[in-house]
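A short write-up of the structure that comes next.
What follows is the structure, encoded as structure tokens:
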């Protein structure tokens, strides 16, 4: 694979550069047992603990991860802190570390060997296998059968939410936390998830992959607000609240540019419109990719001749071959030769700004007809058909 393309798909949004059919991953060994725990506190009485977490969570030993959830609950909407952690090792190794870094948690060994099901428990702790810890972060009981992780059933209960994100490079001052506390009191169902960086992230250059948010960032924030009544008035109210919080956070987060995490995509940052361009896309692109967005743009605009179908950038010679195959198939099944549009599409030589996306629906319609008639496509045409059933992958062409 082309080196630039391989760089781009590892963090630049793989579907923007082709259809990825397989990944080869190198696994990381984990201990037989890991320890997971959560500590529950009220925000108004734990501000010092919150600010301590801000200052040291990214500097903890690499096998100890502690993230922080902030939300309000109950009729009084009291802000709550949930410290949520995973330690790659047994509880007997964890306890001395917590006594060193967070004695305020007051977590002891005997807290970790019981099924604590008390609602609103101040602390919970379990020593489990690594795969069981996935339930913990998925907000499921750790005793759930492992098959639950394979369940692809869509929940019947409808839940709506809006989210956005920031990266933080310096600790938020007291005034910032006071603002957050006031703003959280205005709405039901808000949440902030603060996840520390540091560790291995600090060892990797920000240009090694498209993901640039590495050394110098303390943690990432995901903001969300949810609702179940999707009426216009409720959804507008919820989204307006989140946008207000996002605006109020501006003085306390990364700047020039104000950055964001791509997997928490926020359409408020901008989307590609009909007359899009690189300069317009920078409005949102640099938030997600910082200085790497320029290189991603260059990769996108460069024809990849090694594997045209899988990279969905079709050169002229290969396109004519595919077009001939499609014409033969279509004519043999329908006695009709209405492939002018297909030929036009297939013979396009990619140029920056080519509006190929405008024709995708027509192109897809013909391919769908062939499929419904039972036509068996060879591997190349199957790849082309797959690309066009996933038009989102063409969005930046």
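In the UniProt record's numbering, the protein residues as written are 1 to 397. For every residue, glycine included, the Cβ atom is placed at its ideal position computed from N, Cα and C. Since we're looking at a predicted model, the values are computed, not measured.
*Within 7 Å (strictly less), CB to CB, does residue 3 reach chain B?*
As a matter of chain content, chain B is missing from the structure shown, which is built from one protein chain.
*Express the C-alpha separation of residue 152 and residue 471 in angstroms, rounding to a whole number.*
For the chain, the structure presents residues 1 to 397; residue 471 sits outside this window and is missing.
_Rounded C-alpha distance that separates residue 69 from residue 55_ = In the chain shown, residue 69 corresponds to position 69, counting from 1. In the chain shown, residue 55 corresponds to position 55, counting from 1. In a straight line, the C-alpha of residue 69 is about 16 Å away from that of residue 55.
*State yes or no: is the C-beta of residue 405 within less than 7 Å of the C-beta of residue 244?*
Since the displayed the chain opens at 1 and closes at 397, residue 405 lies outside it and no answer follows.
*Which residues share a DSSP beta bridge with residue 160?*
Locating residue 160 in the chain shown gives position 160, where the first residue counts as 1. Residue 160 is bridged to 227.
*Assuming residue 36 and residue 129 form a contact by the criterion Cβ under 8 Å, report the distance between their Cβ atoms to the nearest whole angstrom.*
To locate residue 36, count along the chain shown from 1; it is residue 36. To locate residue 129, count along the chain shown from 1; it is residue 129. Not really, about 11 Å apart at Cβ, beyond 8 Å.
_Measuring alpha carbon to alpha carbon, tell me which residue in 253, 159, 87, 170 is nearest residue 231._
Within the chain shown, residue 231 is the residue found at index 231, counting from 1. Nearest of 253, 159, 87, 170 to residue 231, Cα basis: 159.
*asked:* Can you tell me where the alpha helix (DSSP H) holding residue 6 begins and where it ends?
replied: The residue labelled residue 6 in the question sits at position 6 within the chain shown. Per DSSP, residue 6 belongs to the alpha helix (DSSP H) from 3-9.
*Taking DSSP as the reference, what is the three-state secondary structure of residue 55?*
Translated into positions along the chain shown, residue 55 becomes position 55. Helix, per DSSP.
*Between which two residues does the alpha helix (DSSP H) containing residue 183 stretch?*
Here the question's residue 183 lines up with position 183 in the chain shown. 174-184 is the extent of the alpha helix (DSSP H) around residue 183.
*DSSP state of residue 132 mapped onto helix, strand, coil*: For the purposes of this step, residue 132 is identified with residue 132 of the chain shown, where counting begins at 1. In this structure, residue 132 counts as helix in the three-state DSSP scheme.
*Could you work out which residue in 277, 253, 125, 67 is closest to residue 198 when comparing CA atoms only?*
Numbered from 1 along the chain shown, position 198 holds the residue referred to as residue 198. For residue 198, the nearest C-alpha among the options comes from 67.
*Span of the beta strand (DSSP E) holding residue 215?*
Your numbering for residue 215 matches position 215 in the chain shown. Where residue 215 is concerned, there is no enclosing beta strand (DSSP E), given that its DSSP letter is neither H nor E.
_Span separating the alpha-carbon of residue 271 from that of residue 211_ = Within the chain shown, the letter at position 271 stands for residue 271. Within the chain shown, the letter at position 211 stands for residue 211. Those two C-alpha atoms are separated by around 19 Å.
*Distance, residue 85 Cα to residue 38 Cα*: Locating residue 38 in the chain shown gives position 38, where the first residue counts as 1. Locating residue 85 in the chain shown gives position 85, where the first residue counts as 1. Rounded to the nearest angstrom, the two C-alpha atoms are 6 Å apart.
*asked:* Across the stretch 9-19 and the stretch 41-51, are there enough close Cβ pairs to call them in contact, namely three or more that are closer than 8 Å?
replied: no
_Backbone CA spacing between residue 95 and residue 290 [nearest angstrom]_ = Working through the chain shown from its first residue, we reach residue 95 at position 95. Working through the chain shown from its first residue, we reach residue 290 at position 290. Those two C-alpha atoms are separated by around 39 Å.
*asked:* How far does the beta strand (DSSP E) with residue 86 in it extend, from its first residue to its last?
replied: By one-based count along the chain shown, residue 86 stands at place 86. Per DSSP, residue 86 belongs to the beta strand (DSSP E) from 78-87.
*Same chain, Cβ closer than 7 Å to residue 398, five either side skipped, listed in chain order*: Residue coverage of the chain in this structure runs from 1 to 397, which leaves residue 398 outside it and unanswerable.
*What are the partner residues of residue 190, as DSSP defines its beta bridges?*
The residue labelled residue 190 in the question sits at position 190 within the chain shown. Residue 190 pairs with 225.
*Pick from 126, 149, 292 that is closest to residue 34, judged by C-alpha positions*: In the chain shown, the residue the question calls residue 34 occupies position 34. Nearest C-alpha to residue 34: 126.
*Per the contact definition of three or more C-beta pairs closer than 8 Å, is the stretch 200-207 in contact with the stretch 241-255?*
The answer is no - the stretch 200-207 does not touch the stretch 241-255, with fewer than three Cβ pairs under 8 Å.
*asked:* So, at 7 Å on beta carbons, what are the nonlocal neighbours of residue 225 in its own chain, with the 5 sequence-adjacent residues on each side left out?
replied: For the purposes of this step, residue 225 is identified with residue 225 of the chain shown, where counting begins at 1. For residue 225, where only same-chain residues beyond five positions count, the Cβ hits under 7 Å are 161, 162, 187, 189, 190, 238, 241, 242.
_Does residue 37 come out as helix, strand or coil in the three-state DSSP assignment?_
Counting from 1 along the chain shown, the entry for residue 37 is found at position 37. Residue 37: strand per DSSP, three-state reduction.
*Tell me whether the beta-carbon of residue 57 lies closer than 7 Å to the beta-carbon of residue 196.*
As a working note, residue 57 is residue 57 in the chain shown. As a working note, residue 196 is residue 196 in the chain shown. Yes, the pair counts as a contact, with Cβ atoms nearer than the cut-off.
*Looking at residue 261 and residue 220, is the spacing between their C-beta atoms short of 7 Å?*
In the chain shown, counting from the first residue as 1, residue 220 sits at position 220. In the chain shown, counting from the first residue as 1, residue 261 sits at position 261. For residue 220 and residue 261, yes; Cβs fall inside 7 Å.
*Under a Cβ-count criterion, where at least 16 other Cβ atoms within 10 Å of its own Cβ denotes burial, should residue 337 be classed as buried or exposed?*
Indexing the chain shown from 1 puts residue 337 at position 337. With a pLDDT of 42 at residue 337, under the threshold of 50, the modelled position of that residue is not reliable, and the figure given next carries that caveat. Exposed is the call here.
*asked:* Tell me the residue span of the alpha helix (DSSP H) that contains residue 100.
replied: For the purposes of this step, residue 100 is taken as the residue at position 100 of the chain shown. Segment 91-101, the alpha helix (DSSP H) holding residue 100.
_Just to confirm the assignment, what range does the beta strand (DSSP E) spanning residue 71 have?_
Reading the chain shown from its first residue, position 71 is the one you call residue 71. It spans 64-73 - the beta strand (DSSP E) in which residue 71 sits, taken as one unbroken run.
*Please report the Cβ distance between residue 258 and residue 217, rounded to the nearest whole angstrom; I am assuming they are in contact, meaning their Cβ atoms lie under 8 Å.*
Taking the chain shown and counting its residues from 1, one reaches residue 258 at position 258. Taking the chain shown and counting its residues from 1, one reaches residue 217 at position 217. Incorrect: roughly 13 Å between the Cβ atoms, too far for contact.
*Nearest to residue 171 by alpha carbon, out of 61, 137, 82, 253?*
Translated into positions along the chain shown, residue 171 becomes position 171. For the residues 61, 137, 82, 253, the minimum Cα distance to residue 171 belongs to 253.
*Using a Cβ-Cβ cut-off of 6 Å (strictly less than) and excluding sequence neighbours within five positions of residue 193, which residues of its own chain qualify?*
Taking the chain shown and counting its residues from 1, one reaches residue 193 at position 193. Taken in chain order, the residues that qualify are 69, 222.
*Among 284, 181, 8, the one whose alpha carbon lies nearest that of residue 20*: Translated into the one-based positions of the chain shown, residue 20 becomes position 20. When only C-alpha atoms are compared, the closest one is 8.
*Reduced DSSP secondary structure (H/G/I, E/B, other) of residue 258*: Start at 1 with the first residue of the chain shown, and residue 258 comes out as number 258. It is coil, neither helix nor strand.
_Cβ-based neighbour list, residue 335, same chain, cut-off 6 Å, excluding 5 preceding and 5 following_ = Stepping through the chain shown from its first residue, residue 335 is reached at position 335. Note that residue 335 scores a pLDDT of 42, beneath 50, so its modelled location is shaky and nothing firm can be said.
*Sort 294, 266, 92 by Cα distance to residue 277 and report the nearest one.*
Reading the chain shown from its first residue, position 277 is the one you call residue 277. Of the candidates 294, 266, 92, the one whose C-alpha sits nearest the C-alpha of residue 277 is 294.
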